[in-house]
Every structure is written in C-alpha cells, then in structure tokens.
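Student:
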Amino acid sequence: MRSLDVFGVGNALVDVQARVDDAFLDRLKLDKGIMTLVDDEAQAKVLGELSGRPLNRCAGGSAANTIVAVAEFGGTAAFVGKVGSDDIGKFFVRDMSDLGIAVDVEPADAPTGTCAVLITEDAQRTMLTNLAASVTLTEADIDEELIKKSKYVYIEGYLLTGENTKAAAYRAMDLAKKNNTKVAFTASDPFLVNMIRDEIWDLIKGPVDLFFCNEEEAKSLTGESDPVMCASKIHQHAENVALTLGNKGSLVMHGGESFPIEGVNVKAIDTTGAGDMYAGGLLYGITNGLSWRQAGHLASHAAGRIVSQMGARMERKFTDDEIKAFGELDAV
1 MRSLDVFGVG NALVDVQARV DDAFLDRLKL DKGIMTLVDD EAQAKVLGEL
51 SGRPLNRCAG GSAANTIVAV AEFGGTAAFV GKVGSDDIGK FFVRDMSDLG
101 IAVDVEPADA PTGTCAVLIT EDAQRTMLTN LAASVTLTEA DIDEELIKKS
151 KYVYIEGYLL TGENTKAAAY RAMDLAKKNN TKVAFTASDP FLVNMIRDEI
201 WDLIKGPVDL FFCNEEEAKS LTGESDPVMC ASKIHQHAEN VALTLGNKGS
251 LVMHGGESFP IEGVNVKAID TTGAGDMYAG GLLYGITNGL SWRQAGHLAS
301 HAAGRIVSQM GARMERKFTD DEIKAFGELD AV
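Each residue of the sequence shown is one higher than the one before, starting from 1 at the first, in UniProt numbering.
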C-alpha cells in the first residue's frame, strides 16, 4: 500500500496577491497578463509599491499549488522545493505543513522566492516571479523513500529551465520509474513549450504517464489547430492526457477514450492557479477511486470555484458529500 497520493516537485515560492488597476501596471511599465522573471531589486520595488494595500500571502509555485489542492480535497501529499532560512521560507514550510503536506528539505543560503500576482478588474493576472532560492533545488534533494510511498510524482515544466532544477526533475522521474510510481507532468507555459518542444515530446514518449496542458500549449506542441486532434496526437504516446480549455471545459483521454468535460459557468474574478487546481482535482480523483471521467468533472468544478475568488486556495472547500456526488456520476 502506498501512503501518499502525490509527491510534488517544483519551485517553492510565496505568492503575494494584490488587486491593482491598469494605471498601476502602466506606471511600473509592466506587461499585463503575462508572467515575467525578475531579479531581487525589481521584485523589491514592486513589493514596496504594494505596501499598505490589502495582500493575500500563501505558499505557492505551480506544483505546490497542485499539491495543496490534493491535500485540501483530503488526499495525502508531499512536496520538495527549495526555500531560504529567512522568515518567508519558514512561512512556506509552516503553511504547507499545516495542511498535512510533508515538506522536508534543507534550506538554501539564499532568500526565498516570491511571486507577485497583480490582479486587475478584468481578472487578468500579471505575475512577477523572483525564483531566488528555488533554483538551488538539486537531484540530491529528491527523496526516494517518499517516491516509493507515492502513487504519482507530479513535476512542473518550469523546472526544465535551470540546470540544477532540471537534474532534480529527471532524478524524480527516474526514481519513479524504478519504483513503479506513475509520473504526471505539466507543460506549465506556452513559452516553455516553444523553447523546448523536442524535449517535452521526449518526455511524453518516455516516462510521462499523465500529461497536463492547456489549449495554447497543446497547439504549440502538436502543430494542430483543433483541441481534439491535439489531445489525440499526444495520447498516441502518453497513456493519459488532460487538456484544459478555459471556460469551455477540458478534454481527458484515457485508455484510448476521450471524455469531454464541460466548463463551469462562473464569474471570473482571478484566474490565478486555475490550471494548478484542475491538476490537483484530477490527481486527487484518480488516486482516490474516481474514474477518469468523474475526476475530470471534479477538476473542472474545482477550477471554476478557484477563478470565482481571489487567490489560489479554495475559500470554500468541497465537502465529503460534494466529492461523493462526483463519484456517483454515470460512468458512460
């Protein structure tokens, strides 16, 4: 028996979310709606500009958000990511541990990474990421015992952009294959797909058992324009595919079957963490007795719930009865 549903590997960041207007972005000359990597000085300037505003702070990073989602559904999870020994790093570890997530990694001699998430009235999020200590994650930080205990290892694509973090990601996948643990991988960003398309295809054809992507990433990866064709092309090599389509829902492919999952009609307030939450819902479902179709519906509703509020954590968690209802969906 495996005691952990999912073991996540990713950048350990503390998310700082704030509501701003377009004038704020214009004044700081920020590109609206995209994620930009910034250095310590630039991040300090932005955080200083946010002083005095209402802020929401939580342990974050793409894979960390997904692992938090698994835990909030009632699943068991662990996470590895590098933080510093500063107060923000201690906050990250405490925040994850309070959710029952195992986090055991030696702190780095560097400041903890942060992500400033600036949300405008149209629900667009402009993200400024300072990776800091997170880039010091190495293959030595990957705990084989945790992987042995896990049903799935979940890896964020962002790790492939750095030499050390890439080595950590591949070490996790190698140990997963050695110990018959399934591997889930998320494409993370269209820019990343454009940059390392061949490498991502090698992973899909190799160790990856479950591939997560959004519509733009899938089109860039496959060269197809129709989402169904995109998913089918990926499914020729990956055992399982989950392709999100924004408010149009998603496509889940398993065992040669395609399960179209409807979107949830909500008023979008903040899209931060929607894809991460979707992945968390799906991973929780398939590791806790739901069918792939049922897990897809749970994931879709979870993503809908997260975009209708501020921040990447569910303000209103799913009850046991709500989760049970997804397990009672007609399987055909």
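A virtual CB, placed ideally from N, CA and C, is assigned to each residue, including glycine.
Which stretch, first to last residue, makes up the alpha helix (DSSP H) that contains residue 168?
Tutor: 163–178
Student: According to DSSP, simplified to helix, strand and coil, what is residue 110?
Tutor: Of the three classes helix, strand and coil, the one that applies to residue 110 here is coil, per DSSP.
Student: Relative to the alpha-carbon of residue 315, which residue among 73, 13 and 32 has its alpha-carbon at the smallest distance?
Tutor: 73
Student: I'd like the span of the beta strand (DSSP E) that includes residue 13, first residue to last.
Tutor: 13–19
Student: Based on Cα-Cα distance, which residue from 246, 146, 230 and 120 lies nearest to residue 264?
Tutor: 246
Student: Kindly provide the ranges of any alpha helix (DSSP H) runs that are 4 or more residues long and lie completely inside the segment 275–304, ordered along the chain.
Tutor: none
Student: Buried or exposed: residue 119, going by 16 or more other Cβ atoms within 10 Å of its Cβ?
Tutor: It is buried - the Cβ of residue 119 has at least 16 other Cβ atoms within 10 Å.
Student: So for residue 39, helix, strand or coil by DSSP?
Tutor: coil
Student: Determine the closest residue to residue 196 out of 180, 160, 208 and 135, with distance taken between C-alpha atoms.
Tutor: 160
Student: According to DSSP, simplified to helix, strand and coil, what is residue 156?
Tutor: strand
Student: Quick one, which of 320, 131 and 52 has its alpha-carbon nearest residue 11's?
Tutor: 131
Student: Are the beta-carbon atoms of residue 252 and residue 221 separated by less than 8 Å?
Tutor: no
Student: So, under 8 Å CB-CB, residue 47 and residue 68 are touching, yes? Tell me the CB distance rounded to an integer number of Å.
Tutor: Contact doesn't hold; Cβ gap of about 22 Å is too wide.
Student: Report the CB separation of residue 178 from residue 152 in whole angstroms; it is logged as a contact under 8 Å.
Tutor: Not really, about 15 Å apart at Cβ, beyond 8 Å.
Student: So, helix, strand or coil for residue 232, using DSSP?
Tutor: Helix, per DSSP.
Student: Which residue marks the beginning of the beta strand (DSSP E) containing residue 257, and which one marks its end?
Tutor: Taken as a continuous stretch (DSSP letters only), the beta strand (DSSP E) holding residue 257 covers 257–261.
Student: What distance in whole Å lies between the Cβ atoms of residue 302 and residue 327, which are believed to be in contact at a cut-off of 8 Å?
Tutor: Actually they do not touch by this definition, with Cβ atoms about 14 Å apart.
Student: With 16 as the cutoff for other CB atoms within 10 Å, does residue 180 come out buried or exposed?
Tutor: exposed
Student: Residues in its own chain within less than 7 Å of residue 95 by CB, not counting five upstream and five downstream?
Tutor: 58 and 59
Student: Please confirm whether residue 258 and residue 231 have their CB atoms less than 8 Å apart.
Tutor: yes
Student: Residue 208 to residue 86, Cα distance in whole Å?
Tutor: Just so you know, the alpha carbons of residue 208 and residue 86 end up roughly 35 Å apart.
Student: Kindly confirm or deny that the segment 37–45 and the segment 286–305 touch, where touching means at least three C-beta pairs closer than 8 Å.
Tutor: no
Student: By DSSP, does residue 252 sit in helix, in strand, or in coil?
Tutor: If DSSP states are grouped into helix, strand and coil, residue 252 belongs with the strands.
Student: Cα-Cα, which of 206, 260, 216 and 249 is closest to residue 239?
Tutor: 206
Student: Does residue 375 come out as helix, strand or coil in the three-state DSSP assignment?
Tutor: Here the chain covers residues 1 to 332 and nothing more, so residue 375 does not appear.
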